[in-house]
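Participant: Take this structure, written in C-alpha cells, and hold onto it; I'll ask about it next.
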Amino acid sequence: MARLAPPHFLINKLCHCVSPHLSRTLTRKPQRSSSRMPSQLEGAMDALIAVFYNYSGNDGDKYKLNKGELKELLNSELTDFLTSQKDPMLVEKIMNDLDSNKDNEVDFNEFVVLVAALTVACNDFFQEQKKKTK
Ligand SMILES: [Ca+2]
Ligand SMILES: [Ca+2]
29 MARLAPPHFL INKLCHCVSP HLSRTLTRKP QRSSSRMPSQ LEGAMDALIA
79 VFYNYSGNDG DKYKLNKGEL KELLNSELTD FLTSQKDPML VEKIMNDLDS
129 NKDNEVDFNE FVVLVAALTV ACNDFFQEQK KKTK
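Numbering (our numbering), first residue to last: 29 to 162.
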C-alpha cells in the first residue's frame, strides 16, 4: 500500500490544531491552552495516536509496538476482528505485513496503514450493504 503524502502546508496546519489536544492526551495533564473543542476528525486522529501509545509504551521501545504489544492492541481494540479470524498465526501475519522496514516492530507509520486498510474495508462493506437494501 502506498504511503499517504498530504501536502506540507496541510500537515503544518493540522499539527497545530491537533497537537494541543494531543499533548494533553499523551501527558494526561489537563491543559487550558485549547481554545476550542477538537473537530470529529481531529478527535479521531488524536484517538488513533493515543491508542497507539497506550500499547507501544508497555515494553521495550516506547514508540514502537513489538509482537506482544501488537497482539494486546488487536485483542483489546479490534476484538471482533481478531475473533472472527480463526487463523492462529494471524498476529504473526499482520506483523509481517505491517513491518515494512523489517525491524520486527510496528511503528506508528506502519500502524496507520493497518487502520487505513481496515477503514477502507469497512467502508466497502458499508457501501455493499447499502446497495443491497436499495
Ligand atoms: Ca514497545
Ligand atoms: Ca517496523
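Where a beta carbon is used, it is the ideal one built from N, C-alpha and C, also for glycine.
Report back the beta-carbon spacing between Val134 and Met123 to the nearest angstrom; my notes put them in contact at under 8 Å.
Facilitator: The residue given as residue 134 occupies position 106 in the sequence shown. The residue given as residue 123 occupies position 95 in the sequence shown. Confirmed, Cβ separation roughly 7 Å.
Participant: Find the nearest neighbour of Asn103 within the set Phe136, Val119, Ala145, judged by alpha-carbon distance.
Facilitator: Counting from one through the sequence shown, the residue named residue 103 turns up at place 75. Comparing Cα positions, the closest option is Val119.
Participant: So, helix, strand or coil for Lys162, using DSSP?
Facilitator: Position 134 of the sequence shown holds residue 162. Coil at Lys162, not helix or strand.
Participant: Quick check: is any heavy atom of ligand 1 less than 6 Å from the C-beta of Asp127?
Facilitator: Translated into the one-based positions of the sequence shown, residue 127 becomes position 99. No - ligand 1 has no heavy atom lying nearer than 6 Å to the Cβ of Asp127.
Participant: Which residue from Phe80, Glu105, Thr107 puts its Cα closest to that of Asn94?
Facilitator: If you number the sequence shown from 1, residue 94 lands on position 66. Nearest C-alpha to Asn94: Phe80.
Participant: Quick test of your reading: Glu70 and Asn86, contact by CB under 8 Å. State the CB separation rounded to the nearest angstrom.
Facilitator: The residue you call residue 70 lines up with position 42 of the sequence shown. The residue you call residue 86 lines up with position 58 of the sequence shown. Incorrect: roughly 26 Å between the Cβ atoms, too far for contact.
Participant: Please state the DSSP three-state secondary structure of Leu146.
Facilitator: Against the sequence shown, residue 146 aligns to sequence position 118. In the structure shown, Leu146 sits in a helix (DSSP, three-state: H, G or I).
Participant: Answer yes or no: do Leu126 and Leu106 have a C-beta to C-beta separation smaller than 7 Å?
Facilitator: Position 98 of the sequence shown, counted from the start, is the residue given in the question as residue 126. Position 78 of the sequence shown, counted from the start, is the residue given in the question as residue 106. No, the Cβ-Cβ distance between Leu126 and Leu106 is not below 7 Å.
Participant: Measuring only the C-alpha atoms, how far is Lys160 from Ala145?
Facilitator: What you label residue 160 is simply residue 132 of the sequence shown in a count that begins at 1. What you label residue 145 is simply residue 117 of the sequence shown in a count that begins at 1. Whole-angstrom Cα-Cα distance: 23 Å.
Participant: Are there any heavy atoms of ligand 2 lying less than 6 Å away from the beta-carbon of Asp135, as far as the coordinates show?
Facilitator: Taking the sequence shown and counting its residues from 1, one reaches residue 135 at position 107. For ligand 2, at least one heavy atom lies less than 6 Å from the Cβ of Asp135.
Participant: Which residues in the same chain as Asn82 place their Cβ atom closer than 7 Å to its Cβ, once the five residues preceding and following it in sequence are excluded?
Facilitator: Stepping through the sequence shown from its first residue, residue 82 is reached at position 54. Answer for Asn82: no residue qualifies.
Participant: How about Ser84: is its Cβ closer than 6 Å to a heavy atom in ligand 1?
Facilitator: Here the question's residue 84 lines up with position 56 in the sequence shown. Checking the Cβ of Ser84 against ligand 1 gives yes.
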